[in-house]
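Following the UniProt record's numbering, the residues of the sequence shown are numbered contiguously, the last one being 93.
Remarks on the structure that follows.
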Amino acid sequence: MMMQDDAAKQRILARLRRLEGQVRGVEAMIEQERDCSEILQQLSAIRSAALSASQAFLQDYASGCMQNFDRQTPAEREAALKNLIYMFGKTQT
């Protein structure tokens with residue numbers, strides 16, 4: 001799927017790069033044998049950042065689905081909505 005909005009694409013890529021930096025930071029913390037509570041705090045931040053990136057991507061995906069909605073058959077619309085609901089559920093876990 002192509003992203004609909006180039007600015008949204010750049011924002012999501014920036015989020016993912018920050019997320020990558022956070023993961024590398026936790027790797028370093030583990031190698032340095034830092035305090036477990038500090039590591040868990042950073043892992044929680046990583047989870048939150050990943051959820052945020054997923055939701056931003058899903059928002060762009062949903063926009064793309066809705067732009068083509070009027071050109072789809074009823075069966076295609078139903079399939080698109082089911083997939084969108086499924087994807088939304090995946091971002092919430």
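Every residue, glycine too, gets a C-beta built ideally from N, C-alpha and C.
Rounded C-alpha distance that separates residue i from residue j
i   : j   : result
Y61 : D5  : 10 Å
E27 : Q67 : 41 Å
P74 : E31 : 54 Å
L81 : D35 : 45 Å
K9  : E20 : 16 Å
Helix, strand or coil at residue i [DSSP, three-state]
i   : result
T91 : helix
D5  : coil
R34 : coil
Q59 : helix
Cβ-Cβ distance between residue i and residue j below 8 Å
i           : j   : result
A53         : R24 : no
residue 104 : R18 : Since the first residue of the chain shown is 1 and the last is 93, residue 104 is not available in this structure.
Environment of residue i [buried if 16+ CB atoms lie within 10 Å]
i   : result
I12 : buried
F69 : exposed
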